[in-house]
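Number of protein chains: 2
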Amino acid sequence: MQDFEELSREFLNRFNTSHFPQKPESLYQPAEYFLGLGGKRVRPVMCLMGNELFDEIKPHTWDVATAIELFHNFTLIHDDIMDKAPLRRGMPTLHEKFGHSNALLAGDVMLVVAYDYINKVPQSNIHKIIQLFNSTAKAVCEGQQLDMDFERTPEVSLADYLQMIELKTSVLLAASLKMGAMLGGAGEGNQQHIAAFGRNLGLAFQIQDDYLDAFGDPAKFGKQSGGDIVANKKTYLLCRAMQLASASQQKEMLELLAADSPDKVVRMISIFKSCGVDEESKILMERYLSGAFQHLEDIAVLANRKEPLRQLARFLVQRDY
Amino acid sequence: MQDFEELSREFLNRFNTSHFPQKPESLYQPAEYFLGLGGKRVRPVMCLMGNELFDEIKPHTWDVATAIELFHNFTLIHDDIMDKAPLRRGMPTLHEKFGHSNALLAGDVMLVVAYDYINKVPQSNIHKIIQLFNSTAKAVCEGQQLDMDFERTPEVSLADYLQMIELKTSVLLAASLKMGAMLGGAGEGNQQHIAAFGRNLGLAFQIQDDYLDAFGDPAKFGKQSGGDIVANKKTYLLCRAMQLASASQQKEMLELLAADSPDKVVRMISIFKSCGVDEESKILMERYLSGAFQHLEDIAVLANRKEPLRQLARFLVQRDY
């Protein structure tokens, strides 16, 4: 049983190589550049942990983990184009550096190469793995579409918001764990539980992300406070506050959304607090996290094998606000 | 043995159904719209013919044919974005009608759904089919990248041009036939010959396309004459004329490429004729077509089984200029 850091190190050793042909350079160099921007590589490590919970890591689990990370980077490249994002991890996004067309095409080819790695899975498992990989890919596209639709929707219900973050974020975390579990020989029930662990963990993580943007310590979390508010991003805080706010608060929120004012962040945070969505979001996060741990508990393997996954959950969702 | 029209009709009967979930509509409706624009569906029919040359059509060959057509439409959607094309088959392109982000994402999800159909191939063949599908997909991306690179390159060598059209067009025609042949149980040698038939046919077809743009009868071919010349598109005619032209003709061509003038099309066509590239392109087309027929000849099945493929070649490349 290896912990997050060990698996992460071993994955990086294998992943940090060229995944593309040399030529044409104009196609493949942008793809390499983007992978070179780094990242926590959480999803492939979850795939490896999903396998190791049940059995020692199979050779092709490394391939599926690689496919998952390539798929994730493909979505980031295309999302950055759609979101017109200038920076990714402090560096120019792919379309900023190489132009929109090159970025689009580099993303496409990265998805195809992800399927090259999936194609290394032996006959006995390949149909199931592709089915899960594809249904996950479609869900992630659906989540991104809803996220874009919400930009043009003044009021997004909490249910719609939760569905969107589940599709855009949680489904891939769940699938990463489940693919690892499948390859590790887990039974149907255990596969369901590990996927549900990932889904709940993903929801807790995303709500934490929303919370920290408004209420986190910028020094501690390394992000500018209120970035989501400035960008009018639909977050748990905004959707829930819109439900709870008084008529006059709702009016003020809609005004803040319609036109930028210098005190926008301060005023929006003040409404959030007055509606109590800061506390509510902590409660909801805690509920999803408990849900995750319950499903982890229910997996029928020895408790000490689950320690790396517990550690992962604590790494992703911290409780010291 | 069914001819092109019969197979085409039967494929359309199966293909003209919904390939996507209902929701979210904002993601899947654009995808359905694009497929609704129609097309000759040449590639899937080639896949079916490739199978039927060797054995009766297997159920999953219809699935692979569907995957090929979805893949082809995915490339058209993304190419239209990159080329800023306003129209496709006389109708607004996807990004014109639904916006760039929706079109990008609809293309992505169409590629994933193509892999859903590929995933219906039985265990015994799936690895080989995915390998060929993926290497083809990468080649098509490489071809599109070279095509874009060439827009910024004043002089493109003939060899580079031929490599580009092989990657962008021929490789997919070859792979469509070869996948069908593999599923129909063809041996290695026959697979090579049918792929070479498709590759040569694709090159002949593309050079014909270049020829007709400048020298075709607009009434007969339904395309505006000289569209490629207006758009400064690198074609066989342009690349070859640049090699053959005198110093003063080269200078004139570079001037015509650098600035639009009202008599650009007439003057460029006059240079093409003076260099003899109209006649040369017919010779080259004929050479590729003979090459295609030679490989068809070399396939070790009864000659009368090859009639549909001969008919297809005559349909794609006509000799009555």
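One line per chain: the protein sequences are F and C, in this order.
Residues 169 to 489 in our numbering are what the first sequence lists, from first letter to last.
Residues 169 to 489 in our numbering are what the second sequence lists, from first letter to last.
Ideal placement from N, C-alpha and C gives every residue a C-beta, glycine not left out.
| query | For a contact meaning CB atoms closer than 9 Å, what does residue 194(C) contact in chain F? | reply | 313, 314, 316, 317
| task | Please state whether DSSP places residue 322(F) in a helix, a strand or coil. | result | coil
| message | What residue range does the alpha helix (DSSP H) around residue 400(C) cover? | response | Run containing residue 400(C): none; DSSP gives neither H nor E here.
| query | Just reading off the alpha helix (DSSP H) that residue 270(C) is part of, what are its end residues? | reply | 268-286
| task | Within 10 angstroms of the Cβ of residue 220(C), are there 16 or more other Cβ atoms? Answer buried if so, exposed if not. | result | buried
| request: Please state whether DSSP places residue 260(C) in a helix, a strand or coil. | output: strand
| query | Relative to the C-alpha of residue 293(C), which residue among 240(C), 245(C), 313(C), 352(C) is closest? | reply | 352(C)
| said: My output table needs one value for residue 406(F): the three-state DSSP class, helix, strand or coil. | reply: helix
| said: Just to confirm, is the Cβ distance from residue 277(F) to residue 309(C) under 8 Å? | reply: Yes, the pair counts as a contact, with Cβ atoms nearer than the cut-off.
| query | Does the stretch 190-200 of chain C come close enough to the stretch 397-405 of chain F that 3 or more CB-CB pairs lie under 8 Å? | reply | Too few Cβ pairs lie closer than 8 Å, so no.
| query | Given 8 Å as the limit, is there contact between the stretch 368-388 of chain C and the stretch 445-455 of chain C, that is, 3 or more CB pairs closer than that? | reply | Segments in contact, yes.
| field | For residue 335(F) and residue 370(F), believed in contact at Cβ under 8 Å, the rounded distance | value | A Cβ-Cβ distance of about 10 Å is found for the pair residue 370(F) and residue 335(F), leaving them out of contact under the 8 Å criterion.
| request: Please report how far the alpha carbon of residue 296(F) lies from the alpha carbon of residue 224(F), in whole angstroms. | output: 20 Å
| field | Secondary structure of residue 221(C), DSSP reduced to three states | value | In the structure shown, residue 221(C) falls within a coil segment according to DSSP collapsed to helix, strand and coil.
| field | Start and end residues, alpha helix (DSSP H) containing residue 419(C) | value | Residues 415-426.
| query | Taking a cut of 8 Å between CB atoms, which residues from the stretch 323-353 of chain F lie near chain C? | reply | Residues of the stretch 323-353 of chain F whose Cβ lies closer than 8 Å to any Cβ of chain C: none.
| query | Roughly how many angstroms separate the alpha carbons of residue 179(C) and residue 306(C), rounded to a whole number? | reply | Residue 179(C) and residue 306(C): Cα-Cα distance of roughly 26 Å.
| query | DSSP three-state call for residue 502(C): helix, strand or coil? | reply | Absent from the model: residue 502(C). The displayed extent of chain C is 169 to 489, so no value can be given.
| task | Have a look at residue 384(C) and residue 427(C) and give me their C-alpha separation to the nearest angstrom. | result | 25 Å
| Taking Cβ-Cβ distances shorter than 7 Å, what residues in chain C pair up with residue 272(F)? | 246, 249, 250, 272
| request: Kindly identify the DSSP beta-bridge partner or partners of residue 255(C). | output: 260(C)
| query | the ligand FMN heavy atoms versus the CB of residue 344(C): any closer than 7 Å? | reply | This structure simply doesn't include the ligand FMN, nor any ligand for that matter.
| request: Determine, using beta carbons only, whether residue 284(C) comes closer than 8 Å to chain F. | output: yes
| task | Verify whether the separation of the beta carbon atoms of residue 358(C) and residue 439(C) is less than 8 Å. | result | Taking a C-beta distance under 8 Å as the contact criterion, residue 358(C) and residue 439(C) do not qualify as a contact pair.
| task | With DSSP as the reference, label residue 192(F) as helix, strand or coil. | result | coil
| field | Check whether residue 217(F) and residue 477(F) have beta carbons under 8 Å apart | value | The Cβ atoms of residue 217(F) and residue 477(F) sit closer than 8 Å to each other.
| task | On a CA-only basis, which of 331(C), 301(C), 270(C) is nearest residue 283(C)? Give me that one, please. | result | 301(C)
| query | Within the 8 Å Cβ cut-off, does residue 276(F) reach chain C? | reply | yes
| Between 480(C), 188(C), 429(C), 425(C), which lies nearest to residue 321(C) when the distance is taken from Cα to Cα? | 425(C)
| field | Per-residue contacts from residue 291(C) into chain F (C-beta, under 9 Å) | value | 291, 292, 294, 295
| message | I'd like to know whether the C-beta of residue 439(F) is nearer than 8 Å to at least one C-beta of chain C. | response | no
| query | Below 8 Å between beta carbons: does that hold for residue 249(C) and residue 272(F)? | reply | yes
| query | What in chain C is Cβ-close to residue 306(F), meaning under 7 Å? | reply | Near residue 306(F) (Cβ distances below 7 Å), the residues of chain C are 277, 280.
| request: Would you tell me roughly how many angstroms separate the C-alpha atoms of residue 470(F) and residue 480(F), rounded to the nearest one? | output: 17 Å
| Nearest to residue 183(C) by alpha carbon, out of 194(C), 189(C), 235(C)? | Check the Cα spacing between residue 183(C) and each of 194(C), 189(C), 235(C): the tightest is with 235(C).
| Under 8 Å between C-beta atoms of residue 398(F) and residue 432(F) | Cβ atoms of residue 398(F) and residue 432(F): closer than 8 Å.
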